[in-house]
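Protein chains in written order, with the working numbering: chain A, 991 to 1213; chain B, 5 to 457. Idealized CB from N, CA, C, for every residue including glycine.
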């Protein structure tokens, strides 16, 4: 149980870091992304094997699940590394999509509900998030942190604990509102996935700009 | 630890007594990000010392001539030239900001009165010429003293311009700009011993350049998989052999080093030597891949050995033995139990560099809490020293520090939990011929030297 929790915590942390390294000045670093994905993979393996030991019934599901986070990773690397967007269906980086998990269409097909209810209950217990997916929790927190200016990454663990509740309350709604308002202003159709990456990458450039702009950028990033 | 490395021979490491010489940089507690030193490098003679910082600046220090009236101050280093090497840029095609941070500086061997160096940020390498000027031409025919063109009708006589002495001026001018050859972030540059070419390495590729030619480079290593989802390793550092111009090595995030011979083929995708130590399965953890990643690789001056630095240790390899290193030195083994918190606070991604003493008899590398470590290869002794402003009186000896690893903490020991992980020494340099070291601690540059007998 302990091992499982620890593995879960490290997985969450890794996703959080992956998401955040997109915001890094100078762009996403391939070496760091690779390392994060490796940590995440070993944490996931451990998590799954711990689950097997605990006689979970849904063992056969694990291989199906396994490729997912790795895909997130390599997609991210590619997006920045100018490589062509890989095989269609879901071109926009996933940490962002998962944030909208309750509404997004693709999530049901992907990681979120795949772990059985039991898994999500465990996550709730671990006080990391009350959402269903690993990806859900960190991305919300990441957004909150942005609000406080891009914080030093060393403060990650401290901030990781308290904020999820408020973050959840304030942001998705605001984002939705803003999105409705501004989707018309964007030249790309808001439904089109390409909206996300440019907004995200524009972020560093907007750093010195005022708060309103930041809020806008965040709202756009959310979509 | 006491006792001098007598006999006049430059012994290495801890057998000599190190003493404080100088510290450069502001004393301020709050450090501007731009002032953080990101690379340190002596030139071939050791008379010049260059630092690069996150703000894109290069500062060059020059060693003063020995002063007979102050016999104890053996050649101090003073600022010689400061210039802005790189500016922040924006890649409009990729919508990405390019940082101005200087990732590496490499000096070229000196060939005339001027000095040349290469500096690089994530994408662009620049060749700078640093030259002195103490004379100025006066009495041109077509322009007056202010540089304005003279009215041609007023020129009635021709004169020969004369060189007049003036105050010494040090000029840094960009001579070549090598751009647009790297898709990923450049982590290394290395000048070849043929003095004509150099290599630059990013996460997936290594390019070979001619120092005079900026519009083309040759790709000599490319490890980019066709499908990026199959990516399992990246290049972390690369360096040319100090004497054999056809040989270079590159290290990987998997903890291995490949030695390539450019004579065997134009594209060195196939290595000629592969240095790898089998992993100890008992020490596996979530973070094994991260801590085994090599952050720096350096050939010894002799060219016989190379040294690799991973997160917890530094290893010396004999180029003739690929199966295991000839020496493994633990830098801060006490951190092994703290890897999880180091992952949380991102320290585990720190890239420590390492360097050889001039005689190859000792090696040095950094750690946390402004500690740095030296390993004497002959006596197998090691020492932990601290770069700190306390006790930074001229010629004050550096007291060896000790980190308490479990058990009862003795006097003068510091416990692992009280180490300051924000104070890290990533970059150090050793004078090529003397026992003078430069240690970059955040925004300060410390210079230490051995005690004069």
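Under the three-state DSSP convention, the category residue i falls into
i: residue 998(A); result: helix
i: residue 406(B); result: strand
i: residue 1059(A); result: Below a pLDDT of 50, predicted positions are generally treated as unreliable, and residue 1059(A), at 41, falls in that range; the measurement from the model is reported next regardless. Here residue 1059(A) sits in helix by DSSP.
i: residue 173(B); result: strand
i: residue 25(B); result: strand
i: residue 1025(A); result: helix
i: residue 1134(A); result: Per-residue confidence for residue 1134(A) stands at a pLDDT of 37, beneath the threshold of 50, marking its modelled position as unreliable; no derived number is given.
i: residue 1176(A); result: Annotation note: pLDDT 38 at residue 1176(A) (below 50); position unreliable, no value reported.
i: residue 40(B); result: coil
i: residue 152(B); result: coil
i: residue 1007(A); result: helix
i: residue 1096(A); result: Any answer about residue 1096(A) is weak, because its pLDDT of 38 lies below 50 and its placement is not dependable; what the coordinates show is given next. Reduced to three states, the DSSP call for residue 1096(A) is helix.
i: residue 141(B); result: strand
i: residue 54(B); result: strand
i: residue 489(B); result: Outside the displayed span of chain B (5 to 457) sits residue 489(B), for which this structure offers no information.
i: residue 93(B); result: strand
i: residue 292(B); result: helix
i: residue 325(B); result: coil
i: residue 372(B); result: strand
i: residue 1152(A); result: Residue confidence for residue 1152(A) is low, a pLDDT of 39 falling below 50, so the modelled location carries little weight; the figure read from the coordinates is stated next. Correct three-state label for residue 1152(A): coil.
i: residue 287(B); result: helix
i: residue 35(B); result: coil
i: residue 352(B); result: helix
Whole-angstrom C-beta distance between residue j and residue i, which should lie under 8 Å
i: residue 278(B); j: residue 262(B); result: 6 Å
i: residue 299(B); j: residue 355(B); result: 4 Å
i: residue 239(B); j: residue 227(B); result: 7 Å
i: residue 420(B); j: residue 409(B); result: 7 Å
i: residue 181(B); j: residue 124(B); result: Residue 181(B) to residue 124(B), Cβ: 11 Å. No contact.
i: residue 183(B); j: residue 127(B); result: 7 Å
i: residue 417(B); j: residue 406(B); result: 5 Å
i: residue 4(B); j: residue 454(B); result: The requested residue 4(B) does not occur in the structure, where chain B is confined to residues 5 to 457.
i: residue 379(B); j: residue 333(B); result: 5 Å
Residue i vs residue j beta-carbon contact at 8 Å
i: residue 134(B); j: residue 119(B); result: yes
i: residue 377(B); j: residue 335(B); result: yes
i: residue 295(B); j: residue 271(B); result: no
i: residue 247(B); j: residue 192(B); result: no
i: residue 235(B); j: residue 1036(A); result: no
i: residue 349(B); j: residue 29(B); result: no
i: residue 352(B); j: residue 81(B); result: no
i: residue 41(B); j: residue 444(B); result: yes
i: residue 100(B); j: residue 1017(A); result: yes
i: residue 257(B); j: residue 233(B); result: no
i: residue 3(B); j: residue 1010(A); result: Beyond the ends of chain B as shown, which are 5 and 457, falls residue 3(B); an answer cannot be given.
i: residue 251(B); j: residue 310(B); result: no
i: residue 45(B); j: residue 58(B); result: no
i: residue 997(A); j: residue 1040(A); result: yes
i: residue 179(B); j: residue 121(B); result: no
i: residue 86(B); j: residue 67(B); result: no
Strand pairing of residue i, partner residues [DSSP]
i: residue 196(B); result: Answer is none; residue 196(B) lacks a bridge partner.
i: residue 434(B); result: 441(B)
i: residue 190(B); result: Beta-bridge pairing links residue 190(B) to no other residue.
i: residue 242(B); result: 254(B)
i: residue 419(B); result: 408(B)
i: residue 178(B); result: 132(B)
i: residue 211(B); result: 204(B), 223(B)
i: residue 277(B); result: 263(B)
i: residue 85(B); result: 64(B)
i: residue 126(B); result: According to DSSP, residue 126(B) bridges with nothing at all.
i: residue 317(B); result: 334(B)
i: residue 1014(A); result: DSSP output for residue 1014(A) lists no bridge partner at all.
i: residue 301(B); result: 312(B)
i: residue 120(B); result: 133(B)
i: residue 1037(A); result: Partner(s): none; residue 1037(A) has no beta bridge.
i: residue 448(B); result: 445(B)
i: residue 166(B); result: 142(B)
Any C-beta of chain D under 8 Å from that of residue i
i: residue 100(B); result: The structure shown contains no chain D; its protein chains are A and B.
Review point. Is the region 156-171 of chain B close to the region 95-109 of chain B, with three or more CB pairs under 8 Å?
Key: The region 156-171 of chain B, when compared against the region 95-109 of chain B, does not touch it at the 8 Å Cβ threshold.
**Study point:** Segment contact, 8 Å Cβ cut-off, at least three pairs: the region 90-100 of chain B with the region 136-145 of chain B
**Key:** Contact between the region 90-100 of chain B and the region 136-145 of chain B is absent: fewer than three C-beta pairs spanning the two stretches fall below 8 Å.
Exercise for review: Check whether the region 422-441 of chain B touches the region 47-59 of chain B, taking contact to mean three or more Cβ pairs, one atom from each stretch, closer than 8 Å.
Suggested key: Enough Cβ pairs lie closer than 8 Å, so yes.
Review point. Does the region 22-33 of chain B touch the region 382-402 of chain B, meaning 3 or more C-beta pairs lie closer than 8 Å?
Key: Touching, yes, given that three or more Cβ pairs across the two stretches are closer than 8 Å.
Exercise for review: Flag this pair as touching only if the region 203-220 of chain B and the region 168-177 of chain B have three or more C-beta atom pairs under 8 Å; answer yes or no.
Suggested key: They do not touch, by the three-pair rule.
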